[in-house]
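One structure is given below, encoded as structure tokens.
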Amino acid sequence: MKIRKLMGALCAAGLLCNMAAPVQAAEALSVLHWWTSGGESKAVGVLKDDMQKQGYSWKDFAVAGGAGAAAMTALKTQVISGNAPSAAQIKGPLIQDWAEQGVLAPIDSVAGDWKKSLPPQIDKIMRTDGHYVAAPFSVHRVNWLYINKAALDKAGGKVPTTWPEFFAVADKMKAAGLVPVAMGGQPWQDLTLWESVVLSQGADFYRKAIVDLDQKTLTSEKMIQVFDTVRKIESYFDQGRTGRDWNLATAMVINGKAGMQFMGDWAKGEFAGAGKKAGTDYICAAAPGTDKSYTFNVDSFVFFQQKGQKDATPGQLALAKTIMSPEFQEQFSLYKGSIPVRLGVSMSKFDDCAKKSYADEQMAISANTYVPSLSGSMAQPDAAAGAITDVVTKFMNSNQDSKSAVEALAKAAKTK
Ligand code: GAL
């Protein structure tokens with residue numbers, strides 16, 4: 001009976017459909033990721049369950065640490081020591097870097113309809129030399145401002161759409177005894193805030209500065225204003241942010257200790273997990289001055305060659321196929337706070353924030369204001385992204401003036 005069940009599961013996964021064939025041990029999928037917060041682990045749990053239903057066993061390598069810096073270090077060690085995982089969460093230009101090492105297995109055989117099912121900006125990131133090597137999960141928007149609704153009402157403020165309006169609300173929240181802005185203490189969180197302020201100068205400015213690394217833009221008066229604005233926002237943080245994880249900052253907004261947080265919409269997974277309703281308990285608004293633009297952050301898995309075999313294993317192919325299936329895309333994003341990356345998945349079960357994200361995504365794609373997030377590792381290879389992050393973090397944790405930060409920024413942008 002047990003054997004029949006296993007064979008049935010393998011058959012459902014598109015493997016071994018000849019019931020007379022000998023039974024093979026279930027393939028173990030080792031999976032490296034950094035999804036350890038409440039919402040994140042619920043979301044990755046959907047994939048684990050799906051794969052187990054298909055007869056695979058799941059070996060979880062979760063390396064805690066928002067944005068994955070620690071996970072990427074662990075991955076390098078695993079690959080160098082000959083223990084590459086079956087799949088790992090890798091994003092943006094890093095996908096190409098790993099592909100160039102010749103260690104990834106293509107997954108074209110399950111990607112037949114992906115080209116027409118993905119926004120072209122994202123489709124191209126999933127491929128190298130025309131071959132699919134990564135499977136995308138969902139689209140996170142990074143330029144969000146989360147606001148506790150009761151805190152906003154208590155302070156008698158309205159949802160800010162410009163920086164002066166934002167500072168007016170922050171002042172009122174401060175006067176009402178709240179921490180106006182909940183902020184965590186890791187460099188990638190500093191970068192998340194900073195890039196939203198860059199975006200508030202317009203998507204063209206953002207693209208020139210962050211995608212093209214144009215020296216004139218990086219040293220412009222507008223960039224000095226960006227740093228000035230960041231400096232002012234900092235005066236609304238509390239004293240305890242050093243080392244604080246992003247989800248603990250989100251918790252401050254959830255429980256009403258703080259009024260607002262700048263964060264990508266994985267924060268929404270935390271609100272949902274705490275039973276909070278978008279629109280009623282909290283508000284999601286585009287960061288001031290960024291409502292016409294969209295910074296995207298697309299999570300994806302790449303698949304490592306196993307034991308010297310060039311081709312993807314049946315389990316890796318099943319994993320890639322599941323990740324892009326409409327049913328999985330829907331359930332994953334409902335927990336994660338994102339929206340499906342696959343076009344045409346129904347948004348009917350999603351909350352208003354996700355519906356807004358979807359509508360704004362479509363608007364931004366056609367207006368050419370859909371830009372890759374730097375803090376989400378989508379815009380630059382590691383070296384330049386790391387050097388820019390250092391500049392922003394140094395500025396935010398010292399008394400450096402904006403002009404010298406801008407000079408350091410221009411220099412950092414040249415890092416190869
Ligand atoms: C991002 C990732 C998100 C979320 C976040 C915080 O880099 O794309 O899925 O996990 O880090 O951990």
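Residues in the sequence shown are numbered consecutively from 1, following the working numbering.
Every residue gets a Cβ at the ideal spot worked out from N, C-alpha and C, and that includes glycine.
Because the structure is a prediction, the values reported are computed rather than measured.
Any non-hydrogen atom of the ligand GAL closer than 7 Å to residue i Cβ
i	result
lysine 368	Residue 368 is actually asparagine in this sequence, not lysine. Because no heavy atom of the ligand GAL lies under 7 Å away, the Cβ of asparagine 368 does not count as near it: no.
asparagine 143	no
glycine 68	yes
aspartate 299	yes
tryptophan 140	Looking at the sequence shown, residue 140 is not tryptophan but histidine. Checking every heavy atom of the ligand GAL against the Cβ of histidine 140, one is found closer than 7 Å.
glutamate 27	no
glutamate 195	no
glycine 92	no
glutamate 40	yes
glycine 376	yes
tryptophan 266	yes
tryptophan 163	no
tryptophan 34	yes
tryptophan 246	yes
Counterpart residues of residue i in DSSP-defined beta bridges
i	result
tyrosine 294	Tyr370
serine 346	The partner list for serine 346 (beta bridge, DSSP) is empty, contrary to what the question assumes.
arginine 127	Tyr132
serine 30	Lys59
leucine 145	Phe262, Ala285
valine 302	Ala88, Ala134
leucine 104	Phe304
valine 181	Met260
isoleucine 339	Val139
alanine 278	Tyr282
Nearest-angstrom Cβ-Cβ length linking residue i and residue j, presumed shorter than 8 Å
i	j	result
tyrosine 335	glycine 39	6 Å
tryptophan 35	valine 44	4 Å
valine 253	tyrosine 282	7 Å
glutamine 301	leucine 317	Note on identity: in this sequence residue 301 is phenylalanine, with glutamine being the wrong assignment. Phenylalanine 301 to leucine 317, Cβ: 12 Å. No contact.
tryptophan 329	valine 341	Note that residue 329 corresponds to glutamine in the displayed sequence, not to tryptophan. Right, the Cβ-Cβ distance comes to about 7 Å (below 8 Å), so this counts as a contact.
tyrosine 236	proline 180	4 Å
methionine 378	valine 298	7 Å
threonine 250	asparagine 143	Wrong, their Cβ atoms sit about 16 Å apart, outside the cutoff.
phenylalanine 61	leucine 32	4 Å
Cβ of residue i within 8 Å of any chain B Cβ
i	result
phenylalanine 137	Given the protein chain composition of this structure (a single chain), no chain B is represented.
task: Please confirm if the region 198-213 is in contact with the region 365-384, defined as three or more CB-CB distances below 8 Å between the two stretches.
output: yes
task: Taking 8 Å as the threshold, find out whether the region 355-364 comes into contact with the region 91-104 through three or more Cβ pairs.
output: no
- request: Ignoring anything shorter than 4 residues or poking outside the region 195-256, list the alpha helix (DSSP H) runs there in chain order.
  value: 203-206, 215-218, 221-234, 246-254
task: Assess, as a yes-or-no matter, whether the region 241-261 is touched by the region 183-197 under the definition of 3 or more beta carbon pairs within less than 8 Å.
output: yes
query: Three or more beta-carbon pairs under 8 Å between the region 170-178 and the region 53-66, yes or no?
result: no
message: Would the region 220-235 count as touching the region 122-130 if we require 3 or more Cβ pairs under 8 Å?
response: no
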